[in-house]
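Each residue of the sequence shown is one higher than the one before, starting from 9 at the first, in the working numbering.
The beta carbon of each residue, even a glycine, is placed where N, CA and C say it ideally should be.
All values derive from a computational prediction rather than experimental measurement.
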Amino acid sequence: MAMHALERLEIMKGKLSCLPPGLANNKRHALRELNLVELSNLTSVENFPSIVELIVCDCPKLKRISGLSRLHKIGIGRCPSVEVLQGVPSLHSIELEDGTIERLPGYLPCVNPKFLKLTCSKELHGSIISGSSSEWEKISHITKVVIYDIEDSDEG
9 MAMHALERLE IMKGKLSCLP PGLANNKRHA LRELNLVELS NLTSVENFPS
59 IVELIVCDCP KLKRISGLSR LHKIGIGRCP SVEVLQGVPS LHSIELEDGT
109 IERLPGYLPC VNPKFLKLTC SKELHGSIIS GSSSEWEKIS HITKVVIYDI
159 EDSDEG
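Below is the structure:
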């Protein structure tokens, strides 16, 4: 089945462990937005040359996001296993939400977005804001950083 004009794709709730290889086809230039939600076995999102916006949420086994050369915006929500975010030279903004992490992801110093919106636990929020931990160093290179305590963000 040919879907050359597919611009936005959302895959929700499943046990998919990898994305179908045809989705990342070099001839598929229209696919610009990819939303992946509640995919319990997904381990990687790789080599999508046309994607400019990616949202991954509640993908507990997701470890690797790479090879998205046009990616401009990424949202990562409650995907605590992500270890690698690379091959994203056009990345402009990251929205990261996870109230369970105790430390910022190790991939943050390796990417260079202009904007980071972080929603995290009260403890992590406090340690970043106070500058009392090495966590601030992971994001100090980002021009604009907005940090919310997950408890405060639930109220508003």
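| Item | Value |
| --- | --- |
| Uninterrupted alpha helix (DSSP H) stretches inside the stretch 101-160 (no shorter than 4 residues) | 130-138, 143-147 |
| 7 angstroms Cβ shell around residue 19 - same chain, five flanking residues per side excluded | 44, 47 |
| For residue 75, three-class secondary structure by DSSP | coil |
| Cβ-Cβ distance between residue 68 and residue 87 below 8 angstroms | yes |
| Reference residue 131; option with closest CA among 118, 157, 24 | 157 |
| Three or more C-beta pairs below 8 angstroms linking the stretch 76-83 and the stretch 98-108 | yes |
| Rounded Cβ spacing between residue 147 and residue 133 (contact assumed at less than 8 angstroms) | In fact, because the Cβ distance is near 12 angstroms, the residues do not count as touching under 8 angstroms. |
| Assumed close pair residue 59, residue 39 - CB separation to whole angstroms, cut-off 8 angstroms | 7 angstroms |
| Beta-carbon proximity check, residue 25 vs residue 49, cutoff 8 angstroms | yes |
| Residue 74 versus residue 89: straight-line alpha-carbon distance, rounded | 14 angstroms |
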